[in-house]
Amino acid sequence: GAVVSQHPSWVICKSGTSVKIECRSLDFQATTMFWYRQFPKQSLMLMATSNEGSKATYEQGVEKDKFLINHASLTLSTLTVTSAHPEDSSFYICSARDLGTVNEKLFFGSGTQLSVL
Amino acid sequence: AQKITQTQPGMFVQEKEAVTLDCTYDTSDQSYGLFWYKQPSSGEMIFLIYQGSYDEQNATEGRYSLNFQKARKSANLVISASQLGDSAMYFCAMREGPGGGNKLTFGTGTQLKVEL
């Protein structure tokens, strides 16, 4: 089945620094990828839709200048948390749609646990 | 209003028994898709089953089946012959048509614990 690779799995950083998270579709092309955020014991909240070759579409309330998304190729999207603060600590997970499947399944990466000190 | 409602924060089931996880949804679209995902403690989201709004038969995938009642807007997940490895968080999700941006909206999840 389709595989989405997300890296790193976890990262600890100092307040004020930037952190980049990568999301790759390994065996299919993904013109669209999605970035979610999940707080402990809560649901996944969509942050933004990443579109290959164009600007990302952000959900209401998500700061686009803080959460920079780049989707430069059909297999790679990156999320950069700029000037991270402790309140940005969360589980971030990406997904990609495999248009080659019958019901256009979304496949998820394994997630990134970000801890900002 | 919540688009996806999962009313069971936690459920217990004995090994080898069947369990039903509830999910109701709200949409005005005629075309939509319903998904169930499993999230173990490791965090990854594992696709379990899909039901399209126009599918006349309930979806089944191995031990998983989806009890789709369109008029009631419910899409309950039934896990038969529960196994210890089924202990995880389960999320119901909906993808609405192009008007909804083809995004997935998730419910709040149900924590399932399978006991011996």
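As they're listed, the protein sequences go chains A and B. Position in the first sequence counted from 1, then plus 684, gives you my numbering. Position in the second sequence counted from 1, then plus 53, gives you my numbering. C-beta atoms are modelled at their ideal positions from N, C-alpha and C, and glycine is treated no differently.
Within its chain, find whatever has a CB closer than 7 Å to the CB of residue i; leave out the 5 residues flanking it on each side and keep chain order.
i, result
"Thr-702/A", "In the sequence as presented, Thr is not what sits at residue 702/A; that position holds Ser. Closer than 7 Å at the Cβ level, and outside the excluded window around Ser-702/A, lie Thr-764, Val-765, Thr-766, Ser-767 and Ala-768."
"Glu-743/A", "Leu-730, Met-731 and Ala-732"
Using the Cα positions of residue i and residue j, report the straight-line distance between them to the nearest angstrom.
i, j, result
"Thr-716/A", "Pro-62/B", "31 Å"
"Arg-781/A", "Lys-698/A", "33 Å"
"Ser-734/A", "Met-64/B", "35 Å"
"Ser-738/A", "Ser-133/B", "44 Å"
"Thr-80/B", "Tyr-103/B", "17 Å"
"Asn-754/A", "Ser-693/A", "19 Å"
"Gln-110/B", "Arg-148/B", "19 Å"
"Gln-67/B", "Val-167/B", "6 Å"
"Phe-792/A", "Ala-71/B", "27 Å"
"Arg-125/B", "Gly-115/B", "25 Å"
Beta-carbon within less than 6 Å of residue i's beta-carbon, same chain only, minus the 5 sequence neighbours each way: which residues are those?
i, result
"Ile-696/A", "Ser-799"
"Leu-700/A", "Note on residue identity: the sequence assigns Gly, not Leu, to residue 700/A. Closer than 6 Å at Cβ, skipping near neighbours: Ser-767."
"Gln-713/A", "Leu-758"
With distances taken Cα to Cα, identify the nearest neighbour of residue i among the options.
i, options, result
"Ala-740/A", "Leu-728/A, Trp-719/A, Gln-726/A and Ser-727/A", "Trp-719/A"
"Ala-756/A", "His-691/A, Asp-711/A, Glu-736/A and Leu-790/A", "Glu-736/A"
Assuming residue i is part of the beta strand (DSSP E), what are its boundary residues?
i, result
"Lys-704/A", "703–709"
"Asn-754/A", "751–757"
"Thr-762/A", "760–765"
"Cys-778/A", "774–781"
"Thr-733/A", "728–735"
"Asn-120/B", "117–122"
"Phe-65/B", "63–67"
Given residue i, which residues of its chain have a CB within under 8 Å of its CB, disregarding the five upstream and five downstream residues?
i, result
"Met-142/B", "Lys-91, Gln-92, Pro-93, Gly-162, Thr-163, Gln-164 and Leu-165"
"Cys-76/B", "Ile-57, Thr-58, Gln-59, Leu-87, Trp-89, Ser-127, Ala-128, Asn-129, Leu-130, Cys-145 and Gly-160"
"Leu-728/A", "Tyr-720, Arg-721, Gln-722 and Ile-777"
"Gln-83/B", "Ser-106 and Gly-150"
Can you pull the chain C residues whose beta carbon is under 8 Å from the beta carbon of residue i, in chain order?
i, result
"Lys-156/B", "In the structure shown, chain C cannot be found, because the protein chains are A and B."
Continuous beta strand (DSSP E) assignments of at least 3 residues falling wholly in the stretch 86–114 of chain B: Runs of the beta strand (DSSP E) lying entirely within the stretch 86–114 of chain B and spanning at least 3 residues, in chain order: 99–105.
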